[in-house]
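S.K.: The UniProt record's numbering applies: residue 1 is where the sequence shown begins, and numbers increase by one.
Don't be surprised by glycine CBs; every beta carbon is placed ideally from N, CA and C.
One structure is given below, represented as structure tokens, and several questions about it will come after.
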Amino acid sequence: MANLKDLVFVDIETTGGKLHQAEITEIALIHISDGEEVGRYQTLLKPQKSIPPWITRLTGISNAMVMDAPSFAEIAEELAAWLSHKTFVAHNARFDYGFIKAAFKQVGLDFKAPVICSVKLSRQLFPEAQRHGLDQIIEHFQLTCDARHRAMGDAEMIWQFFQKLPEYHSSTVIEQALLEQLKQPSLPPNLDAETLENCPDSPGVYRFYNAAGTVIYVGKSVTLRTRILSHFSAGQQTAKDHKITQEIAHIDWTECSGDLGAQLLEAREVKRISPTYNVRLRKTTHLWRFALSKDAAGYNTLILNTTSDLSPAELIQSYGLYRSKKQALEDLEKRVAQHQLCQRLTGLEKKKSGTCFAFQLKRCKGACVGQEKPELYNLRLEMALQPLKQKVWPWKTPILVKEMSENIEQIHLIDQWCWLGSADNESDLEDLITSKQEDLMIELDTYKILCNFLLKPNQALQITQLRR
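Listed below in structure tokens is the structure:
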């Protein structure tokens, strides 16, 4: 039974954001019983691997500082006593909980506790807020922080946030929100109950496997754990969810730095694996597009082409990108009718001369028989096609797009609407930049994702042009 009287507010600092690759460098906790502080615990920890420079810049914790610090094994029993029989509270709680649980497991101890996430609580109680990171909470509630990105400083911020809640909500509303988080999820019959213990509620991509080890579904979310559990919730289940639930035997996931990284990875994974229950993002073998060609009389005509490989140069000469010929022609028919264009010149009628059928119905202004001058017709055609014109790459060079979450930083390398890869440390970024790239080819879903993120103001992304 979850204990709302005994809460322990926890924060850790690590050598990186990925579980099983990074290690804890600092841990702090504040024990609260019946709303009163009982005690605090804080220590640096010496990791087996060195602390990357970018982590030191973020947290201020250097290799020299942890040189004489204890290992996790040395403090494990003392830490277990502090955490025992209490509800574990943290910001992006599954991150902290996952690291601590894994560290206990490495020294032969089993750790399990009810978990409350202050990010999720903020979303529940303040849905109008656009962001729920610790920096945004500190700013919104005017909290006083003396040591941001240090374990005790951040644990203190979470505790201060909880102390502010009664100013905005009744105790009943707060308690209901906390208890909602503590409900035990109903999992698929073939899934190990321990599977989601370490799953973070942060951006990423998840994969569902059947008993044979085959990936049957790939999804993405900015709140991984919540999204995964929604597949199993009776109130939110679709017919497809129900079928998937009966087959799932295993789940894994990849954490990402944000929504952009998650969408790019999901699109790539679906095309690579072609899971049974993914249809929308499956690889399209051919794309259909319109191109302009001028006839002997000076009229622009439309040619519908199909290609399996589309280069960036071909992209900017294209109008529309479609997954099927039928989809392309249906879209063209609507635009031709709306703008009273010639059905013959646009390719909707196959005859090579004479009036089009629309002219006979007075729905074409006569370009097919020379009644409308080429200059005017070509201008009207250009206006009709303008929404279908593809986006020109707005930078002179490839770009680096930095995306950060509370715990992970990634840099995406992008050129001419092609995602070339991502790196989460300086060494991998250098390897990515210097590696030989294959000829760039446009992938439709990636192109749409990048247009959506890069052509709109986005405070979560930092864009830098790559020097040649």
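1. Can you check which of these residues, D6, H250, H242 and T446, is closest to I116 by C-alpha distance?
2. For V38, count neighbouring Cβ atoms within 10 angstroms of its own Cβ and tell me buried if that reaches 16, exposed if not.
3. Please check the pair N425 and P52, which I expect to be a contact at CB under 8 Å, by giving their CB distance rounded to whole angstroms.
4. Flag this pair as yes or no: are the beta carbons of G261 and E403 separated by less than 9 Å?
5. Round the Cβ separation of R207 and D241 to the nearest angstrom and send it over; I've been treating them as touching at under 8 Å.
6. For a minimum of 4 consecutive residues, which ranges assigned as the alpha helix (DSSP H) are wholly contained in the region 34 to 119?
7. Who pairs with L29 in a beta bridge, going by DSSP?
8. Does the distance between the C-beta of S308 and the nearest non-hydrogen atom of the ligand COA fall short of 8 Å?
9. Per DSSP, what are the beta-bridge partners of F290 in this structure?
10. How is L461 classed by DSSP in three states: helix, strand or coil?
11. Let me know the alpha helix (DSSP H) ranges lying completely inside the region 116 to 177, each 4 residues or longer, listed in chain order.
12. With a Cβ-Cβ cutoff of 9 Å, do N378 and N300 count as a contact?
13. Is K86 closer than 9 Å to A113 when the C-beta atoms are compared?
14. What does DSSP give as the partner residues of D424 in its beta bridges?
15. Hey, which unbroken runs of the beta strand (DSSP E) at 3 residues or more fall wholly within the region 228 to 276?
16. Going by DSSP, name the residue or residues bridged to Q371.
17. Once DSSP output is grouped into helix, strand and coil, what is the label at K402?
18. Closer than 6 Å by C-beta to A93: which residues in its own chain qualify, once you throw out the five before and the five after it? Chain order, please.
19. Count Cβ pairs between the region 405 to 419 and the region 318 to 328 that sit closer than 8 Å; are there 3 or more?
20. Assess, as a yes-or-no matter, whether the region 61 to 77 is touched by the region 129 to 138 under the definition of 3 or more beta carbon pairs within less than 8 Å.
21. Which of helix, strand or coil does DSSP assign to R363?
M.R.: Let me spell this out:
1. The residue with the shortest Cα to Cα distance from I116 is D6.
2. By the neighbour-count definition (other C-beta atoms within 10 Å, threshold 16), V38 is an exposed residue.
3. By a beta-carbon distance limit of 8 Å, N425 contacts P52. Their separation comes to about 6 Å.
4. For the 9 Å CB-CB criterion, G261 and E403 form a contact.
5. About 15 Å separates the beta carbons of R207 and D241, which is beyond the 8 Å limit, so they are not a contact pair.
6. If one requires a minimum length of 4 residues, the alpha helix (DSSP H) runs lying completely within the region 34 to 119 are 53 to 59, 63 to 66, 72 to 83 and 93 to 106, in chain order.
7. Beta-bridge annotation (DSSP): L29 is paired with V10 and Y41.
8. This structure does not include the ligand COA; it has no bound ligands of any sort.
9. For F290, the beta-bridge partners assigned by DSSP are L304 and Y319.
10. In this structure, L461 counts as strand in the three-state DSSP scheme.
11. For the region 116 to 177, the full-length alpha helix (DSSP H) segments reaching 4 residues or more read 118 to 125, 134 to 140 and 151 to 164 along the chain.
12. For N378 and N300, yes; Cβs fall inside 9 Å.
13. Going by C-beta atoms, A113 is nearer than 9 Å to K86.
14. According to DSSP, D424 bridges with nothing at all.
15. Runs of the beta strand (DSSP E) spanning 3 or more residues and lying entirely within the region 228 to 276 occur at 250 to 255, in chain order.
16. Partner(s): none; Q371 has no beta bridge.
17. Here K402 carries a strand assignment [DSSP, helix/strand/coil].
18. Excluding positions up to five away in sequence, the list reads V115 and C117.
19. The count of Cβ pairs closer than 8 Å, one atom from the region 405 to 419 and one from the region 318 to 328, stays below three, leaving the stretches out of contact.
20. Short answer: they don't touch.
21. It is coil, neither helix nor strand.
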